[in-house]
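Residue numbers (the UniProt record's numbering): 1 to 123. Beta carbons are placed, not taken as given, at the ideal position from N, Cα and C, and that holds for glycine. Bear in mind that the values here come from a model prediction, so they are computed numbers and not experimental data. Please read the structure below before turning to the comments.
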């Protein structure tokens with residue numbers, strides 16, 4: 001049996017994993033790549049609101065964490081595709097559940113914000 005991890009422990013490496021999954025753009029990139037590989041420009045167009053710098057940083061971090069692969073197909077200009085690895089694809093189920101929860105509860109959250117007098121901070 002493997003080592004037990006406790007995310008509540010300050011020095012637990014599982015915090016790094018949770019940080020990656022919870023990073024602002026990771027969820028969007030995983031969802032965008034669900035149906036197959038995409039080029040950088042396709043990802044940028046699909047993930048509305050992301051800057052090229054943020055997308056580059058997100059893709060590099062996800063590649064370093066083993067969540068996606070980067071394939072250089074050569075050519076001029078360079079043709080690079082990004083695809084989820086098996087590990088990255090394993091995130092689809094839990095992220096789909098979070099996405100469905102978020103979309104189903106938008107009215108509840110907006111109503112709670114209104115009652116609290118908090119401005120809508122959606123993008």
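C-beta contact flag for residue i and residue j at 8 Å
{"i": "residue 87", "j": "residue 67", "result": "yes"}
{"i": "residue 20", "j": "residue 65", "result": "yes"}
{"i": "residue 37", "j": "residue 44", "result": "no"}
{"i": "residue 25", "j": "residue 7", "result": "no"}
{"i": "residue 33", "j": "residue 84", "result": "yes"}
{"i": "residue 29", "j": "residue 58", "result": "yes"}
First through last residue of the beta strand (DSSP E) which encompasses residue i
{"i": "residue 175", "result": "The requested residue 175 does not occur in the structure, where the chain is confined to residues 1 to 123."}
{"i": "residue 91", "result": "It is not in any beta strand (DSSP E) - residue 91 carries neither H nor E in the DSSP assignment."}
{"i": "residue 70", "result": "68 to 72"}
{"i": "residue 84", "result": "80 to 84"}
heavy atom of the ligand MN below 7 Å from residue i C-beta
{"i": "residue 17", "result": "Of the ligands one can find in the structure shown there are none, so the ligand MN has no counterpart to examine."}
Status (buried if at least 16 other CB within 10 Å, exposed otherwise) for residue i
{"i": "residue 82", "result": "buried"}
{"i": "residue 109", "result": "exposed"}
As assigned by DSSP and simplified to three states, the class of residue i
{"i": "residue 102", "result": "helix"}
{"i": "residue 39", "result": "strand"}
{"i": "residue 7", "result": "coil"}
Endpoints, the alpha helix (DSSP H) within which residue i is located
{"i": "residue 15", "result": "14 to 22"}
{"i": "residue 26", "result": "26 to 32"}
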